[in-house]
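Residue numbers (our numbering), protein chains in the order written: chain A, 21 to 131; chain B, 112 to 226.
The C-beta atom is built at its ideal place from N, Cα and C for all residues, glycine as well.
All values reported here derive from a predicted model rather than from experimental measurement.
Working notes, beginning with the structure itself.
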Amino acid sequence: GQQLNQSPQSMFIQEGEDVSMNCTSSSIFNTWLWYKQDPGEGPVLLIALYKAGELTSNGRLTAQFGITRKDSFLNISASIPSDVGIYFCAGLTGGGNKLTFGTGTQLKVEL
Amino acid sequence: GAVVSQHPSRVICKSGTSVKIECRSLDFQATTMFWYRQFPKQSLMLMATSNEGSKATYEQGVEKDKFLINHASLTLSTLTVTSAHPEDSSFYICSAGLAGDGTQYFGPGTRLLVL
């Protein structure tokens, strides 16, 4: 099935640095969701975006719903070791209930 | 809020046996539950969508007789892997959706190893 393209695929950063990752699609989505998955665990919802142009924060996390509705980005400020994991974006089309998942961005934080 | 549990968290079984995985929404009623499969270092792959009281809708390429789904109540869905084989070994994750929201909340996953 279709997957959203996430970039970068992986990143290795220093503790305290800011992180930015994005998610792009050739299709329009009405809802964008960002999840974090730790090894051996299920994804945990970080931020949900429901409106084009919407900018939403959750602690050190900020995500935006692109105005074209074909992309979204996630920023993490002042990264800490527990930010390590795989971040997935997911999109939902209007009237549907099936999520399309991104390819994932693996984040590694160096102390 | 929006907590989803799965049981068991991991299971090892012999080839040819059947394995049942339970998915429960603990603090909300889920009109729809989803079952995903995830291979190492890959994204989640949707297997099927189940609605309470009706037959599950399977994604293309997923054998419905192999992966039996029962959604008996608004808080419980089960996935049974029938006649399991080593190639069925994977990480199975369920999610539950809130009506009208589109957001899905995921369970902690079940690691299945078929010997």
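Just to check my reading of the structure: residue i and residue j have Cβ atoms closer than 8 Å, yes? What is that Cβ distance to the nearest angstrom?
i                 : j                 : result
Ile48 of chain A  : Ser99 of chain A  : No, Ile48 of chain A and Ser99 of chain A are not in contact; Cβ-Cβ is about 31 Å, not under 8 Å.
Thr142 of chain B : Leu190 of chain B : At roughly 18 Å, the Cβ-Cβ gap does not stay under 8 Å, so Thr142 of chain B and Leu190 of chain B are not in contact.
Ala195 of chain B : Cys134 of chain B : The pair is not a contact, with the Cβ atoms about 18 Å apart (cut-off 8 Å).
Gly208 of chain B : Asn117 of chain A : 6 Å
Let me make sure I understand the geometry here. Which of the options has the alpha-carbon closest to that of residue i?
i                 : options                                : result
Gly111 of chain A : A:Asn95, A:Leu69, A:Glu61              : A:Leu69
Leu65 of chain A  : A:Asn78, A:Ala72, A:Glu74, A:Lys71     : A:Asn78
Leu137 of chain B : B:Phe178, B:Asp199, B:Lys152, B:Ser116 : B:Ser116
Gln26 of chain A  : A:Asp58, A:Asn42, A:Thr51              : A:Asn42
Gly122 of chain A : A:Gln57, A:Glu35, A:Gly36              : A:Gln57
His118 of chain B : B:Ser188, B:Phe139, B:Phe145, B:Glu174 : B:Ser188
Thr44 of chain A  : A:Lys118, A:Phe108, A:Asn117           : A:Phe108
Gly13 of chain A  : A:Ser46, A:Arg80, A:Gln23              : Look at the range of chain A in this structure, 21 to 131, and you will see that residue 13 of chain A is not part of it.
Do residue i and residue j have their CB atoms nearer than 8 Å?
i                 : j                 : result
Gln29 of chain A  : Thr120 of chain A : no
Trp54 of chain A  : Ala83 of chain A  : yes
Gly220 of chain B : Glu130 of chain A : no
Leu157 of chain B : Gln149 of chain B : no
Asp199 of chain B : Leu226 of chain B : no
Ser206 of chain B : Gln215 of chain B : yes
Phe217 of chain B : Pro63 of chain A  : yes
Leu75 of chain A  : Gly105 of chain A : no
His182 of chain B : Ala159 of chain B : no
Ser165 of chain B : Ile180 of chain B : no
Ser92 of chain A  : Trp52 of chain A  : yes
Val130 of chain B : Val173 of chain B : no
Glu37 of chain A  : Pro101 of chain A : no
Can you give me the start and stop residues for the beta strand (DSSP E) that residue i sits inside?
i                 : result
Thr123 of chain A : Counting along the chain, Thr123 of chain A falls outside any beta strand (DSSP E), and DSSP gives it neither H nor E.
Ile106 of chain A : 105-112
Gly220 of chain B : Premise fails: Gly220 of chain B is in no beta strand (DSSP E) and is neither H nor E.
Ser88 of chain A  : Correcting the residue type first, residue 88 of chain A is Thr in the shown sequence and not Ser. Neither: Thr88 of chain A is in no beta strand (DSSP E) and is coded neither H nor E.
Arg121 of chain B : 121-124
Phe150 of chain B : Premise fails: Phe150 of chain B is in no beta strand (DSSP E) and is neither H nor E.
His118 of chain B : 115-118
Gly73 of chain A  : Careful: Gly73 of chain A lies outside any beta strand (DSSP E) and carries neither H nor E.
His182 of chain B : 178-184
Glu133 of chain B : 130-136
Ser40 of chain A  : 39-44
Ser30 of chain A  : 30-34
Which residues in chain A have a C-beta closer than 8 Å to the C-beta of residue i? List them in chain order.
i                 : result
Ile204 of chain B : Gly62, Pro63
Tyr216 of chain B : Leu65
Under 9 Å Cβ-Cβ, which residues of chain B neighbour residue i?
i                 : result
Phe32 of chain A  : Going along chain B, no residue has its Cβ under 9 Å from Phe32 of chain A, so there is no contact; the nearest lies around 16 Å.
Phe108 of chain A : Ser154, Leu155
For residue i, return the contacting residues in chain B, with the cut-off set at a CB-CB distance below 7 Å.
i                : result
Asn25 of chain A : Under the 7 Å cutoff, chain B gives no residues; its nearest Cβ is about 11 Å from Asn25 of chain A.
Lys56 of chain A : Ordered by position in chain B, no residue passes the 7 Å Cβ test against Lys56 of chain A, which lies about 11 Å from the chain.
Thr51 of chain A : Gly213
Phe93 of chain A : The contacting residues do not exist; Phe93 of chain A stays about 18 Å from chain B at best.
Going along chain A in order, which residues have a C-beta closer than 7 Å to the C-beta of residue i?
i                 : result
Pro219 of chain B : Glu61, Gly62
Against residue i, what residues of chain B qualify as contacts under a CB-to-CB distance less than 8 Å, listed in chain order?
i                : result
Ala98 of chain A : Residues of chain B passing the Cβ test: none, with the nearest at roughly 26 Å.
Which bits of chain A does residue i rub up against, with CB to CB less than 9 Å?
i                 : result
Thr160 of chain B : Asn117, Lys118
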